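Sequential numbering from 1 applies to the sequence shown in full-length UniProt numbering. Accompanying notes for the structure given below.
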Amino acid sequence: MEIKDNEFSRQFETMVDNKMMSVEYSGQERKIFLTKINVPEGVDEDDEIVSDFLKEILAIAEEKRLRVVPTYPKIAAFFKKNPKYKEMLPPGIRI
Numbered sequence: 001m002e003i004k005d006n007e008f009s010r011q012f013e014t015m016v017d018n019k020m021m022s023v024e025y026s027g028q029e030r031k032i033f034l035t036k037i038n039v040p041e042g043v044d045e046d047d048e049i050v051s052d053f054l055k056e057i058l059a060i061a062e063e064k065r066l067r068v069v070p071t072y073p074k075i076a077a078f079f080k081k082n083p084k085y086k087e088m089l090p091p092g093i094r095i
């Protein structure tokens with residue numbers, strides 16, 4: 001899966017069935033706040049493709065040594081389902 005970091009729009013983007021799927025973010029110091037998922041019509045936010053997309057985004061954040069703050073409920077649910085990513089949360093943030 002090819003992910004583009006569109007810094008102007010502050011979102012990570014990828015193409016799914018020739019339609020764009022994105023995760024909006026906001027950056028602050030060494031943290032990235034994941035604020036919203038935009039999925040194309042016909043794709044549910046709980047689909048495996050969305051989960052794979054989030055895993056790729058977290059790999060990018062880990063590479064840049066960023067802490068991740070999931071502010072969108074579906075992204076927070078992803079962290080609950082995947083406890084191995086909880087180490088990426090900043091100190092004091094519990095999900």
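Glycine residues also receive a C-beta, built at the ideal position from the N, C-alpha and C atoms. As the structure is a computational prediction, the values presented were derived from the model and not from experiment.
Item to complete: Identify which residue in N18, K36 and D17 has its Cα closest to the Cα of S9.
Response: In the sequence shown, residue 9 corresponds to position 9, counting from 1. Considering only alpha carbons, the answer is K36.
Item to complete: Express the C-alpha separation of G42 and K64 in angstroms, rounding to a whole number.
Response: One-based indexing of the sequence shown puts residue 64 at position 64. One-based indexing of the sequence shown puts residue 42 at position 42. For K64 and G42, the distance between alpha carbons rounds to 32 Å.
Practice prompt. Quick one: which unbroken alpha helix (DSSP H) runs of 4-plus residues sit fully inside the UniProt domain "N-acetyltransferase" (4-90)? Chain order, please.
Written response: 48-63 and 73-81
Fill in: Own chain partners of S22 with C-beta closer than 7 Å, once the 5 adjacent residues on each side are dropped
Here the question's residue 22 lines up with position 22 in the sequence shown. Once the five neighbours on either side are set aside, the close Cβ partners of S22 are Q11, F12, E13 and N38.
Worksheet item: What separation, rounded to the nearest whole angstrom, lies between the Cα atoms of A77 and K19?
Response: Translated into the one-based positions of the sequence shown, residue 77 becomes position 77. Translated into the one-based positions of the sequence shown, residue 19 becomes position 19. Roughly 24 Å between the two C-alpha positions.
Item to complete: Evaluate P83 with the Cβ neighbour count: other Cβ atoms within 10 Å of its Cβ, from every protein chain shown; 16 or more gives buried, anything less gives exposed.
Response: Your numbering for residue 83 matches position 83 in the sequence shown. With fewer than 16 other Cβ atoms within 10 Å, it is exposed.
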